[in-house]
Amino acid sequence: MTYVVTDECVDVQDRSCVEECPVDCIYEGDRMMYINPDECVDCGRCEPVCPVTSIFHLDDLPADRARFGPINAEFFTEIGTPGGARKIGRVGHDHPAVAESAG
1 MTYVVTDECV
11 DVQDRSCVEE
21 CPVDCIYEGD
31 RMMYINPDEC
41 VDCGRCEPVC
51 PVTSIFHLDD
61 LPADRARFGP
71 INAEFFTEIG
81 TPGGARKIGR
91 VGHDHPAVAE
101 SAG
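The sequence shown begins at 1 in full-length UniProt numbering and counts up by one.
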């Protein structure tokens, strides 16, 4: 299982979660952060530091945010599993559902 970033992060990108993540698995899109499900070690350190309550464990996603489980996973379809966000920096795009959402 993994942790998931949801809609509260859109256009906020506080990055507190990035600083707390011990495995560097939180990537920056244009409008929100994304947690790579293949790199996340399920430690949970990102969740309590999120100032906007945007991060949830996949098993605990509220029903109205359930779509963000697939959104986080699908974001990595193109970039794969680079082995750390710092290696590639800001990705330069978002999942289409986030890119098209009202800001």
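Cβ coordinates follow ideal geometry from the N, Cα and C atoms, glycine included.
- Going by DSSP, E74 is part of the alpha helix (DSSP H) stretching over F68 to I79.
- Scanning F75, H93 and G83 for the CA closest to the CA of V23 turns up G83.
- Put simply, the backbone Cα of D64 is about 10 angstroms away from that of T6.
- Here the stretch 22-37 makes contact with the stretch 73-90; the two share three or more CB pairs at distances below 8 angstroms.
- Where V98 is concerned, the enclosing alpha helix (DSSP H) starts and stops at P96 to A99.
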